[in-house]
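Beneath this line is the structure, given in structure tokens, with notes to follow.
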Amino acid sequence: MVPTKLAPVFHELSKTSAAYLLSNSPLTSDRPHPTIDPVTISPVKPKHADLLTKSPETEREALLQHALHKSEVNAAYLKGQLLGQQAGMVLQSLYCERVRRQLATQEKKEDKAGKKKRIMGDGMPKLLTSDEFVQLVIDHEEAELETERTKARRRKLAEKRAKLMEKWKEDEKARLERNKAQRQRFKDEMEAYEVEKANAKAEKRKLHLCKPKLGKVEAQAPKPKISETTDDDSEQESDETELEESADETD
Numbered sequence: 001m002v003p004t005k006l007a008p009v010f011h012e013l014s015k016t017s018a019a020y021l022l023s024n025s026p027l028t029s030d031r032p033h034p035t036i037d038p039v040t041i042s043p044v045k046p047k048h049a050d051l052l053t054k055s056p057e058t059e060r061e062a063l064l065q066h067a068l069h070k071s072e073v074n075a076a077y078l079k080g081q082l083l084g085q086q087a088g089m090v091l092q093s094l095y096c097e098r099v100r101r102q103l104a105t106q107e108k109k110e111d112k113a114g115k116k117k118r119i120m121g122d123g124m125p126k127l128l129t130s131d132e133f134v135q136l137v138i139d140h141e142e143a144e145l146e147t148e149r150t151k152a153r154r155r156k157l158a159e160k161r162a163k164l165m166e167k168w169k170e171d172e173k174a175r176l177e178r179n180k181a182q183r184q185r186f187k188d189e190m191e192a193y194e195v196e197k198a199n200a201k202a203e204k205r206k207l208h209l210c211k212p213k214l215g216k217v218e219a220q221a222p223k224p225k226i227s228e229t230t231d232d233d234s235e236q237e238s239d240e241t242e243l244e245e246s247a248d249e250t251d
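Just so you know, UniProt numbering puts 223 at position 223 of the sequence shown, and the rest follows in order with no gaps.
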């Protein structure tokens, strides 16, 4: 709903190249965003300082001095507001231009993807029964099927790797716990050894305990790796096994 006071403005805007801003249609990158022409805004400086600092001699001069001071304050405030709004518009213009470039890049990607899915994207008429066109259709369908097979194979690999990683994490957690327990046993044995060593020295007798050794701790197992070749080999082995089982049942 357009406000009543802005209706004339919107009506005039609809006659310009920026009319697309009033449309509900999606924006495209070929629609340029409205530009601004920044104006030079001078710094806020005190003016009429001599008049404002001079002591008024009459009541009329006092009133005029007060009015001048109020006018100076209002002018400084308005200039500050104008400066802030212009700075905001410049930043918004930079943002819009960056978004427009990103939109153009996205449109190019979508356009390329759309052309890849077309059998013949030149827009020219084709004889649907010609050998060339039939072969193009066959090749296109085979390419689509291969794309779907590749996606399915990658999804399967991702699921398989996720399961292997989950098992690896469980094994890794158990390994860390075993190593922790091993180090704790070594620490306890060393403390007992030091106590017995001190007692043997104090009692001037031979130490019969051997010095404990930590021993070799378990190293981390390599993370599971799965390649498409490995998965293809496993599928081939599975198919061969099924064929062998079918042959055995037939015999």
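Using N, Cα and C, we set each Cβ at its ideal position, and we do this for glycine too. Note that this is a predicted model, so its numbers are computed, not measured.
Pairwise C-alpha distance: residue j and residue i
| i | j | result |
| --- | --- | --- |
| T250 | E144 | Confidence at T250 is low in this model, with a pLDDT of 48, below 50, so its placement is unreliable and the value that follows should be read with caution. Near 37 Å, if we compare the C-alpha coordinates of E144 and T250. |
| A18 | E12 | 10 Å |
| P32 | S14 | 15 Å |
| E110 | S29 | 13 Å |
| G88 | Y20 | 23 Å |
| R205 | E191 | 19 Å |
| Y95 | T40 | 22 Å |
| T16 | A75 | 34 Å |
| R155 | V9 | 55 Å |
| E194 | I226 | 50 Å |
| R149 | E142 | 10 Å |
| V7 | S25 | The residue asked about is misnamed: residue 7 is Ala in this sequence, not Val. The straight-line gap from Cα to Cα measures roughly 20 Å. |
| V44 | A67 | 19 Å |
| T58 | Y77 | 29 Å |
| S84 | Q92 | Position check: residue 84 holds Gly in this sequence, whereas Ser was assumed. Between G84 and Q92, the C-alpha separation is close to 12 Å. |
| A181 | K160 | 32 Å |
| F186 | E203 | 25 Å |
| A152 | K5 | 59 Å |
| R101 | K112 | 17 Å |
| Q135 | E97 | 45 Å |
| A174 | A162 | 18 Å |
| I138 | Q106 | 30 Å |
| E132 | H140 | 12 Å |
For residue i, the nearest candidate out of the options (CA to CA)
| i | options | result |
| --- | --- | --- |
| L214 | K223, Q184 and K201 | Q184 |
| D188 | K211, E166, R175 and N199 | K211 |
| K216 | D139, N179 and T150 | N179 |
| L52 | L64, T58, N199 and R101 | L64 |
| L176 | L207, E166 and E218 | E218 |
| P222 | Q182, K167, T4 and L207 | K167 |
| Q81 | S42, N199, L207 and L136 | S42 |
Proximity below 9 Å, CB of residue i to CB of residue j
| i | j | result |
| --- | --- | --- |
| Q220 | E172 | yes |
| V90 | I36 | yes |
| L27 | L103 | yes |
| Q86 | P38 | yes |
| P224 | L164 | yes |
| K47 | E72 | yes |
| L209 | K197 | yes |
| residue 316 | A49 | The chain is shown only over 1 to 251; residue 316 falls outside these bounds and no answer can be derived. |
Cβ neighbour criterion (16 or more within 10 Å) applied to residue i
| i | result |
| --- | --- |
| K108 | exposed |
| L243 | With a pLDDT of 47 at L243, under the threshold of 50, the predicted position of this residue should be treated as unreliable, though the coordinate-derived value follows. Exposed. |
Uninterrupted alpha helix (DSSP H) stretches inside the segment 29-75 (no shorter than 4 residues): 49-53
Any alpha helix (DSSP H) of 4 or more consecutive residues that is wholly inside the segment 194-235: none
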